[in-house]
Structures are given as C-alpha cells and as structure tokens.
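**Student:**
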Amino acid sequence: MSAQTLSAISNDSASSSQAAPLQWRVNRFGEQTLEAVNGVTFDKLGVTPTLEEAFRGELRSEDTLYIVAGSDSGHLIRHVLREAAPAGTRYLFVEPPQVHAALRAAGLLDALPPHVRCATTDDWMEVASDLRLADYLFIDRVEVVFSLAARSAEAPDHTQLGWTLREAVASLHWRTVGLRGNETFIACQLANAVDNVQPAGIWRGRLKGRTGVLLAGGPSLDTALDWVRQHRERLVVLAVSRISRRLLQVGLEPDFVFSVDPTEMSYEISRDMLRFGPAVVFVHQYHVNPRLLAQWPHSSYYLGSLLPWSSPLNPPEPLHGVGPTVTNTALQFAGELGLNRVILAGVDLCFTPEGYTHAEGSNERKAGPRFDLTNLEVETNDGRRASTTADFAAAIDTLAQQARQLRDRGIRLINPSPGAARVEAVDYVPWVELGLDDAERGETIPPPDPQTFTNGQRLRHTERVARDMQRRIDELGQLEDRLRHARKVTGKLFAEDGTIRNRNLRLRLERFEAELDAEHPDLSRLIKQCSLHALLRGMKAVRDVETLDAREAQDALWGYYDAYLDGARRLRGWIEHAMAKIRRRRHEYAGSWSLNQLGVEWAKHGEPGRIQGWLARNGPLPADAPMPLRSVIGSLQGALQRDLDATDGAHLRRARSHGDLRAARVRLEQLFVQHNADGVRNTLAGLNRVQDAEAAAPYIALAQGLLAELEGCPDEALGHYDRVLQAPDRTLWKLALVRIANWALEHREAATAEQALQCLADLQPGYRMQYGDFLAATGHIDRAIDVYERHLTEHPSDKDAMVRLARLMVNAGAHEAARMMADHLTRLPGGEALAASIHHWVDASLCPPGEKT
Numbered sequence: 033m034s035a036q037t038l039s040a041i042s043n044d045s046a047s048s049s050q051a052a053p054l055q056w057r058v059n060r061f062g063e064q065t066l067e068a069v070n071g072v073t074f075d076k077l078g079v080t081p082t083l084e085e086a087f088r089g090e091l092r093s094e095d096t097l098y099i100v101a102g103s104d105s106g107h108l109i110r111h112v113l114r115e116a117a118p119a120g121t122r123y124l125f126v127e128p129p130q131v132h133a134a135l136r137a138a139g140l141l142d143a144l145p146p147h148v149r150c151a152t153t154d155d156w157m158e159v160a161s162d163l164r165l166a167d168y169l170f171i172d173r174v175e176v177v178f179s180l181a182a183r184s185a186e187a188p189d190h191t192q193l194g195w196t197l198r199e200a201v202a203s204l205h206w207r208t209v210g211l212r213g214n215e216t217f218i219a220c221q222l223a224n225a226v227d228n229v230q231p232a233g234i235w236r237g238r239l240k241g242r243t244g245v246l247l248a249g250g251p252s253l254d255t256a257l258d259w260v261r262q263h264r265e266r267l268v269v270l271a272v273s274r275i276s277r278r279l280l281q282v283g284l285e286p287d288f289v290f291s292v293d294p295t296e297m298s299y300e301i302s303r304d305m306l307r308f309g310p311a312v313v314f315v316h317q318y319h320v321n322p323r324l325l326a327q328w329p330h331s332s333y334y335l336g337s338l339l340p341w342s343s344p345l346n347p348p349e350p351l352h353g354v355g356p357t358v359t360n361t362a363l364q365f366a367g368e369l370g371l372n373r374v375i376l377a378g379v380d381l382c383f384t385p386e387g388y389t390h391a392e393g394s395n396e397r398k399a400g401p402r403f404d405l406t407n408l409e410v411e412t413n414d415g416r417r418a419s420t421t422a423d424f425a426a427a428i429d430t431l432a433q434q435a436r437q438l439r440d441r442g443i444r445l446i447n448p449s450p451g452a453a454r455v456e457a458v459d460y461v462p463w464v465e466l467g468l469d470d471a472e473r474g475e476t477i478p479p480p481d482p483q484t485f486t487n488g489q490r491l492r493h494t495e496r497v498a499r500d501m502q503r504r505i506d507e508l509g510q511l512e513d514r515l516r517h518a519r520k521v522t523g524k525l526f527a528e529d530g531t532i533r534n535r536n537l538r539l540r541l542e543r544f545e546a547e548l549d550a551e552h553p554d555l556s557r558l559i560k561q562c563s564l565h566a567l568l569r570g571m572k573a574v575r576d577v578e579t580l581d582a583r584e585a586q587d588a589l590w591g592y593y594d595a596y597l598d599g600a601r602r603l604r605g606w607i608e609h610a611m612a613k614i615r616r617r618r619h620e621y622a623g624s625w626s627l628n629q630l631g632v633e634w635a636k637h638g639e640p641g642r643i644q645g646w647l648a649r650n651g652p653l654p655a656d657a658p659m660p661l662r663s664v665i666g667s668l669q670g671a672l673q674r675d676l677d678a679t680d681g682a683h684l685r686r687a688r689s690h691g692d693l694r695a696a697r698v699r700l701e702q703l704f705v706q707h708n709a710d711g712v713r714n715t716l717a718g719l720n721r722v723q724d725a726e727a728a729a730p731y732i733a734l735a736q737g738l739l740a741e742l743e744g745c746p747d748e749a750l751g752h753y754d755r756v757l758q759a760p761d762r763t764l765w766k767l768a769l770v771r772i773a774n775w776a777l778e779h780r781e782a783a784t785a786e787q788a789l790q791c792l793a794d795l796q797p798g799y800r801m802q803y804g805d806f807l808a809a810t811g812h813i814d815r816a817i818d819v820y821e822r823h824l825t826e827h828p829s830d831k832d833a834m835v836r837l838a839r840l841m842v843n844a845g846a847h848e849a850a851r852m853m854a855d856h857l858t859r860l861p862g863g864e865a866l867a868a869s870i871h872h873w874v875d876a877s878l879c880p881p882g883e884k885t
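Residue 811 in the working numbering sits at position 779 of the sequence shown; the count goes up by one each step and never skips.
1) Cα-Cα, which of A391, G367, G737 is closest to L257?
2) Could you check the C-alpha separation between K766 and V126 for me, to the nearest Å?
3) Answer with buried or exposed for S342, where buried requires no fewer than 16 other C-beta atoms within 10 angstroms of its C-beta.
4) May I ask you to report which of helix, strand or coil DSSP gives A133?
5) Can you check whether the CB of A425 is closer than 8 Å to the CB of V455?
6) How far does the alpha helix (DSSP H) with S298 in it extend, from its first residue to its last?
7) Where does P880 fall in DSSP's three states?
8) Please report how far the alpha carbon of R697 lies from the alpha carbon of N407, in whole angstroms.
9) With burial defined as no fewer than 16 other Cβ atoms inside 10 Å of the residue's Cβ, what is the status of D189: buried or exposed?
10) Could you tell me which residues DSSP pairs with T858 in its beta bridges?
11) My guess is that D227 and L325 are in contact by the Cβ rule of under 8 Å, so how many angstroms apart are they, rounded?
12) Buried or exposed: which applies to N321, given that a residue is buried once 16 or more other Cβ atoms fall within 10 Å of its Cβ?
13) Have a look at A768, A809, T810 and flag the residue whose alpha-carbon is nearest the alpha-carbon of C791.
14) Under the three-state reduction of DSSP, which class applies to P81: helix, strand or coil?
15) Flag this pair as yes or no: are the beta carbons of R615 and I505 separated by less than 8 Å?
16) Which residue's Cα is closest to the Cα of D293: R236, A311, R266, A362?
17) May I have a chain-ordered list of the beta strand (DSSP E) segments no shorter than 3 residues that lie completely inside the region 54-135?
18) Are the beta-carbon atoms of E67 and P828 separated by less than 8 Å?
19) Considering only residues of the same chain and omitting the five flanking positions on each side of V874, which have a CB-CB separation below 7 Å?
20) Which partner residues of G244 appear in the DSSP bridge assignment?
21) Taking the alpha carbon of L564 as the point to measure from, which residue in R173, Q802, P746 has its own alpha carbon closest?
22) Per DSSP, what kind of secondary structure is Y388 in: helix, strand or coil?
23) Tell me whether the beta-carbon of A865 lies closer than 8 Å to the beta-carbon of M853.
24) Helix, strand or coil, according to DSSP, for V770 in the structure here?
25) Assuming Y731 contacts L693 (C-beta within less than 8 Å), just tell me the rounded distance between them.
26) Using a 10 Å radius around the Cβ and a threshold of 16 neighbouring Cβ atoms, would you call A366 buried or exposed?
27) Between the region 546-555 and the region 500-514, are three or more C-beta pairs nearer than 8 Å?
28) What residue ranges within the region 784-819 form continuous alpha helix (DSSP H) runs of no fewer than 4 residues, ordered along the chain?
29) Please state if the CB of A782 and the CB of T810 are separated by a distance shorter than 8 Å.
30) Check E781 in the structure and name its three-state DSSP category.
31) For T80, which residues of its own chain have a beta-carbon under 8 Å away from its beta-carbon, when the five flanking residues on both sides are left out?
32) Assuming E409 is part of the beta strand (DSSP E), what are its boundary residues?
33) Helix, strand or coil: how does DSSP classify V174 here?
34) Quick check on D724: does DSSP put it in helix, strand or coil?
35) Can you tell me whether A417 is buried or exposed? The criterion is at least 16 other CB atoms within 10 Å of its CB, across all chains shown.
36) Whole angstroms are fine: how far does the CA of V176 sit from the CA of V100?
Written as structure tokens, this is what we have:
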C-alpha cells in the first residue's frame, strides 16, 4: 500500500535535504526560494526585512574578501548588491553544484558585477584566486560568512559547507602567516620595546642534559598533572600561559611560562599568569600583548628582535619563536635550553571523542563540547581517527618538522597521551612506562642576574631605546617629504591630452622607489607593511593595467603615493605611541613621579598590575607610610584583582559560539546516514556533558533514538523520538518525525504513519508531496487532492505535482478538471508529453469496459 511513500520517506530518511530534486517555492509575498535550501525562512517577514535583520552590521567592511556559505536562493547576492561595495571589498558565494545549477537556470547569476561571484564547491578556490584571495590572505582580511541556510541547520549540506569553508580558509591563513609581516606585530613590537629588557638568547644551553615537560592546553593535560607534580623536582617545567589558571588550581608553578599573541583575547586567557611567584620566568615573542608584558612583575625574556629595524640594540644572535601556536614556540625554546628529552603533555592537537579540544579550567572547556566538526581528521597515538582544526593541523606539521630537527640534535620528544595526534618523530610512551631516575635530578633553574631588572638597568635601557626611536622619527620625516614631492611630480607628468609631458620626470619617478629602498631600506619595508591594505586595494589586475589611459594611470600613481604616505603616518603614530610609553617609564624608573602620578597613568593605560613590579623593585612600604600612599597601592591592587577575577570576555564568547547545539543536530544526521554508531555514541557523550542540561535534553533524546536504531532496536527508539516531540524547540522535530514515519511504514502502522507525515507536511512544506502520496496510496483521494493543490499554490511550475494531481482527478472521476490540468501543462516548457499522458488516462477512464482507447 505504501511502496511509493516508503521509497520517498524511509529510504535514507536522514539524508541531506538536497538529495531530492530542487523545487522553487513561492511564499505569500510572491518571492521565490529553493524549498530544500530555505524552506519557510522568509515566510514571516519576506526576504528583504529578514536579511536586513540577520546581516545588520555584517558584510560591509572595507578591504575584505567575504566567502559566503550559500546565497539563500540567490537573495543574499541581491542583498549585497543593493548598496555600493565598500572600498576594496569583494564577495564570493559558494553553493553545492545542484543549487548553483538551479540559480544559473533561473538567471540569478547573470550580469553579476566583477566584485561579486558565485562558485560551486568544486571550483570555489579557482574563483577565489581570480578575486585575489592571496592578497586578502596576506593582509588577513578573508572572512567566512554563513548564509541563513547554513545557520539554520535545516539545510545540512549548507551548514557542513560553512564548516568546511571556515577550516579551509583557516588552513590557508596559517600557511600565509609565516610569509608576511603583520601590522599588529610591528605596533606591539614598538610598544613593547621599552619593556623588553633582556633577550631570551641568554638561556641558550643553560640546562643541558635535563628532562623537560611541556604543558599545553589539550585535554590530556588533566591526566598529566599528577605525574608532573610527583616528579616535579626532576623536571624542567615549561607551560603555555593559557593554562595558568589550571596550574594555580592544582598548586603547580612552572619554571617557564610562554605567551605569543598580541591580541586582547590572548591577554584574557593568559592574565592568570600574573598570579605566579618570582621563581617563574616569562618567555615571550617580541609582539606579545603589551598589557600582559607591562604587568608581569618578575623576570622576562623576549624572542626575536627588539626593534623592527636594523639597530645595535637588537640581539646579535636572537632566539626566534616558531608558529603557528605558542606550543611550537615553547618547544623551540626547550630545544635551545639543551634538554635531552622533552615530554609533551596536553599537546593533543585534536578533539576528544566527546568534542573537547582543551583541558579543565579553560574557556573552551567551560563553553562545552564542540559539534561543528568537519571531515578534517588525524590519527591518534592509540590508532583511532579524531577530528581536528586547520590551526591544529598546521601545528602538527610544524611540530613534526621541529621533532625531526630536535631528534637530529639528540633530543627525544615523547607524548604519553593515547588520544593525542600521532606526529612523526614524536615517540608514544604511556605514562605508566615513563620513568625518571634520581640521576636526572638537576640543579634548580639559575636565577636571573639581580642587576638585570633594577630601576637603574631599566632606565638605561629606556634611554637607549628612546634615542634609537627618535633617530627613526627624524628619518621618517625626511622620507615623508620625499613622498610628498614624488606625488607632486606625478601631477606634472601628463599633459592635457594624456601624453607624457616630461620624459625626465618619468625617469625620475621610475628611480624614486629604488632610491627609497636603497637609502631607507628598513623604513621603506615597514611603510609598505603598514600600507598593505591601501596598496592592495589600489592594485589593478594585469588586464586592467594594460588598458589604463593616461588619466587613470595618473590617478593610480597618486593612489600609490597616498597609500605610501598613509603607511608612513601609521608607522609614525606607532613610534610616537611607543615614545609616550618611554616617557612614562622614564619617570617611573628615575623616581621623578610620585606613586600617585604613576598610579593614575597605570590605571589610564590598563596597567594596574605594574604596582606589583614597582613594589618588587623598590621594596614594600614602611610601616609608617602615609595612608594616601597605601590607598593608591590598594586601589591599584584592587583593580588588578578585579581584572584577574573577570571570567567573561571575547574569548569565552567565541568559545561558546562553537558550542551551538544546533550543530549537534547536523552532525547526528550526517553520522546516522553514514551508519556511524561510534560517532553517534561519541556525540551523545558530548551532549551529556553540556552544562545547560534542559537545552540539551531533546538533543540527547534524538541521539539516543538514532543510536538505538543503529544498534538494531527500532522499537526502543520510538520512546526517545516521542521525547523529542515534547520539546518546544521544533528544529529537531523533522528528523524525529521522519524516523517515526519510517518505522510506521515498515510496520504497516497506517495511523501512525499518517500522523507523522501530516506533522512533517505542516512543519516543512517540502514534505507535502510525500504526505499526498501516502493519502492517495491509502485511498484518501479527496484529501490527497487538497494536499497537492496546496502544494501547487506555492510551486506553480512543479510539473510532476500537476501530473500526480491529474491522475488523482481521473481516478476521482473529475475528468474535466484533469483535462484543464493537461491544457495548462501544454503551455509549460516540456509539458506536451505529460499532457498527452493525462489525456490518455482520461480517455481510458471514459472508455466502456472491453473497448480499446
């Protein structure tokens, strides 16, 4: 009775929403959408208000390449075209091939302007290259945006597409980072110069023959901590700053703590290190977050160069950090210490089966497991496959290179975690097999020279940095004068008719940049890095350059020099900002400002923690110190404590964004289609650890139902699906109803099947045809006709539905109505043959028994 419905509903019932042929649907506003992509997304408000509300403040940044997962049936393309594009910005919409073909057939991709393209999942990289993807990666301005379809989880293909694009772009980003300079790095290097007193190179070879343990933030850290505490006296402990909170919780202080990134989010996850005692040594990149460095009260050593230009103040043989993660940098430093082996703990670089990437105490752990996992996987030490991210994959590649280099130097790397990513040249030795002898007990970490970080030493360093920066400011003024002169020369180069007025001026301009590079090599390089956005925005494609007329060429030259001047102004601003900090530090170290004045400045610049370093260098206040002085200290220490106690911030918000439960529904659907019981079981384990148990309950019930089916217990699954349908959140209802309908059809429970299919049709109009088929197959002809007619009001060009409806009309004796449907089909492209079939059915129905039609 239900073979046709069973084929439509039960076969691969949890498959992608785009497995069926795509149908255009018309909503009550007369707007067309692809039903399998957007469903009823625009039914409430219409296209324009819905998109304006959803993308308010998005897609409008300058100098950005937006790569958009989906186009919301083409409407998102028209949305970005309603306004002029921001300067230097381009858009690439990526669609699955079937959706792309439907958009093209509907004419929605015709006559797009050059800065807007739509590609398929097969050729998007090629199209992105045409849109100068490499340039945007170089300036770190590629942004992946999820369309409404990708955000909704109702179109799993689009959601997965968004995840895949995000990881692909992240992977390209990590490959590019090492090839370019970074404006933020330069700005922070200049800001940190006055606080970067000692280079890390003095630690080279200081701990030869010792065993080190490198503690990172992966989930296996929790297993390692007891072992590390047990063998603490025999180990050199190196830790990344992001796990400081966790180390403080278990009462473990490292010998060295590391930080790399300049961002405010890096400060948020690292600031607990400011609670460590004076025995901890801070090793960091030259461009570490300035507030973190400024408030560190103990000894610190910088990696890389002090200044971004050639200077006698730069260390002659600096130690350099290695990206892309702080773990790679810490390992590089461990090798330079002369350790003979390094044990990696918390260096997992992949997800746990439950969806965790970080240990207890981290924001990522607090945010809960992640479910937006892509197909990017690695093999673990215990031989299973684990999901990973693009930045982790890049770190694995770098770690393998480092491990080979260290092995060649006689340094052994060991990772005792069975769930960590397997890395070439890193040995897997379980914790129970990892021993340490008494012979490995070494001397304590040598303390820093007591004269290195005194007020006097810091003041001398401050004066040297100030003199070097002032020389560069003077040189920058000369260079800016020459740039302004070159711009004026450009205005005299062309005559009114567009011809070159003065060949000598042209030759002078051609020599100009070479002269700048020769006479001011450092500043010229830095200015170009500071003006990358504007320079790349003004660049023309090769085919455009060849067709420039004289006026356009002159405008391009003016734009070039304007960008160069803008870069020079930006660089000057950063140096002047650094000089202002130098003046504050000069007063601090020379004692020419009162503590009250210092406190005002520290608070103003977000550095209340400097009071800790001031007390360490100048000693505690005497017992008879006046109350106002004590009040200043108390106020600063209170501000620092409030900062350290803050638990919410941008980093935690970003971590929580990856824990969206809606992603679990997409992942469960994919895993079920793949018959991956282990994957569903792991996802269920992650859902059971979500903090908001009430929100997670229907997702847990759905996972339990799907797992019961995969384990051969479909009757047990029904109870779980019923709990899903009791939840007010209807986003999970579709899959539960599909599975219930599948069970009912297989067991010939017609009433249950009808109820499930009716709910599906009401929930998502795309299921109306299956519901109509079921009604027709079970003899409810009039009701089936009503369902088909309702379907055709929203899908007026669905010829297949017209044929099905006409067949039912013939069976119901409505011959004239069937012929009218046939006449309508003849007016549609490709409808003549279908109309002929309908006429044949009518004639056959009217023919007396025994006569041939």
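Cβ atoms here follow ideal geometry from the backbone N, Cα and C, with glycine treated the same way.
**Tutor:** Based on what the coordinates show:
1) A391
2) 26 Å
3) exposed
4) helix
5) no
6) 296-302
7) coil
8) 16 Å
9) buried
10) Answer by DSSP bridge pairing: none, since T858 is not bridged.
11) 5 Å
12) buried
13) A768
14) helix
15) no
16) A362
17) 56-58, 64-66, 97-101, 122-127
18) no
19) V842, H847, A850, R851
20) V268, V374
21) R173
22) coil
23) no
24) helix
25) 6 Å
26) buried
27) yes
28) 800-809
29) yes
30) coil
31) H111
32) 409-411
33) strand
34) coil
35) What sits at residue 417 in the sequence shown is Arg, not Ala. Exposed, because fewer than 16 other Cβ atoms sit within 10 Å of the Cβ of R417.
36) 6 Å
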